[in-house]
Every structure is written in structure tokens, then in C-alpha cells.
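Take a look at the structure set out below.
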Amino acid sequence: MKLIDRFLEHFSDRCQVYYPAIEKARRRHPDTFDALGETLLGWASQKLGDGWEETLSAGYMHFLMDVNRSQMEYERRGHYPNKSYDEVYKTVYDNPEFMDRYHWGVFVTTFAWEHHLEIYEFFRSAFLPKLQGKEGRLLDLGSGSGVWSLLTLQDKKGWISQGIDISRHSVGIASAMAETAKASSQVRFSVADALEHQDESLYDAGVSCFLLEHLEGPQRLFDNLARNLKPGAWAFVTAALTAAEADHIAEFKKESEILQMVERAGFRAVAMHSAAPDTHPRSQQFLPRSMAVVLQKKHNDIW
């Protein structure tokens, strides 16, 4: 039995309430769902060992319940509850048990959420073809579990990547995932601040996925990404809009807010995709959604 089928069988028994949404995502995007899910579960199952199905299922259910609670509170308040990293640290990041479940929950959404599948399909169709050199250097700011670096290197065999994350726990997971993906020689994950990190030599491409909404000053992420890239280099950046989670700080209500930051940092926005769950009630004020942009660092003020 394929890993994706083992996971779905376990999850359907464990939580029938949330299973139909995953089943629908697979039905609508069968090839992408199976290919991406099998890849990610291959890495995770080797990292976690026996009982990986339960670890991922429990983490995903915990994450979904937290997201639902957070979104309901967001609708009631009209704004995110946290405004600073210190607030989030006290309630989220300083809780190892919460963070471990949260990490694997986010990991599963990469293939289990239909609008995240759309983001991945956009990544494959609009960003990866831009990386035309047989060899190159990729910078991953806010690398988390390392998924986006590893997915890039899976497609670009001659490339290498440097992942940067402020969380030592995340760097440890990402490094272990690189080993299971047989990519340890191509990627290094380091503990550092994504807003401050700068290397001596510039990079050929960059990614930063779902970090913006966790920052007090999101403009600084685009500014530092631009500082680290060669003129003409390509970048792929994603963000969550009006999507409340326990550790979200920066609240974006319009896609244009992201594009304005992009241009201020010296990038040209080449392509954009905004994806949202099609089942979200229209009675709600806020539509939780994910946005991805393909960027090119300008040579001058115009292009």
C-alpha cells in the first residue's frame, strides 16, 4: 500500500469529521495530491519511524482545531489577537508539545488543503521553470521543515540551498528531513534571523514560504531577500491573508498589500496566484486564503 493511502486510511478512522475535505482535495487534484503526498510522507515516515501515521494525523487534527478556534475569534474581534513576537513566544513558541503537533499539522496542509495544492502547482508551473541554470544557489528564508528547499532541489539536481530559520527545533527537523530525502549534500539549514542574515556572495534564487504573517515588520523580509539576491534573480514568496492562527501577527487584508511591499524592496512581480477554500461561508467577514508571487529582482528602478 502506498504511503498516501496508509495515511488516508488511518486518518479516516481517526477523524471522520475532517476526512471529506482531504478526500475532495484528492478527487479534484489527483495527480498532484498523490505525487506530492507520497513525496512528503516518504520523508516524514523515515524521520518519525513507527507510528508516523498517528503523529501526522494527531498533529493535523490539533492544527485544524486551533485554526478553527483562531478564525472564530478573529471574526469576533475583527483583528488578530497577537501584535508582537514576544506575545506569540509566551503562548506558542515556548510550548514544545504544542509546537511539535503544530509543526506536523502545518506539514500535512501542504498536500491536504486544496488551496495549498494550488499554491504548489503554481510553484511548479510559474517558478521552477525560471531556474534554468544547471547549477545555482538558493536561499530559503524561514525554511521551517525544509519542504520548499527540498522540493526545489528535487527538481533542480545541480542546485544547492541554504535554509535560514530562527527556530533551532525547526532547523533540526529540516536537517533530518534532508537526510531522509537524500539531499544532505545539497542543502544546509542554519539557525539565524531571516530578517538579518546576509552572505558574502549573492544567491541565484530565493524562496520564503508562509513567513510574512509571522512577522512584526514584514517589509523587512522582502528587503533582506532583495539584499541577498543577484540582479535578475528569481524568488517565490507565499503569505496567508485574513487567516488567523495562534502565531500569526501581520494581518494582510488585500493582495495589493503584498505587492506594494514587493515593489518597495526592488522586485518586479511577474506572476501571482491567490487561493482560498471554496467552502468558506459567505456570511463571514474574512476569507482565509493563501497568496503566492513569483518575483524578479530588478536591475534598476524600472526593471
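Under our numbering, the first residue of the sequence shown carries the number 5, and numbering increases by one thereafter. Glycine included, every Cβ here is placed at the ideal spot set by N, Cα and C. Predicted model only: the values in this text are computed from it and were never measured.
Around residue 17, the same chain offers no residue with a beta carbon nearer than 8 Å, after the five sequence neighbours per side are excluded. For residue 28, there is no enclosing beta strand (DSSP E); the enclosing alpha helix (DSSP H) covers residues 23-32.
The C-beta distance from residue 92 to residue 227 rounds to 22 Å, too long to meet the 8 Å contact threshold. By the Cβ test, the segment 207-214 is in contact with the segment 229-240, since at least three Cβ pairs between them sit closer than 8 Å. Annotated three-state conformation of residue 167 is strand, per DSSP. Residue pairing by DSSP leaves residue 117 without any beta bridge partner. For the beta strand (DSSP E) assignment, the uninterrupted runs of no fewer than 3 residues enclosed by the segment 135-207 are, from N- to C-terminal side, 140-145, 163-169, 191-195. The beta-carbon separation of residue 145 and residue 229, rounded to 6 Å, stays under the 8 Å limit for a contact. If you draw a straight line from the Cα of residue 184 to the Cα of residue 262, it is about 34 Å long. Distance from residue 220 to residue 168 at the Cβ level is roughly 18 Å; contact not present, criterion being Cβ atoms closer than 8 Å. In this chain, the beta strand (DSSP E) harbouring residue 295 covers 293-301.
Where residue 236 is concerned, there is no enclosing alpha helix (DSSP H), although the beta strand (DSSP E) around it starts and stops at 233-245.
It is roughly 7 Å from the alpha-carbon of residue 102 to the alpha-carbon of residue 96.
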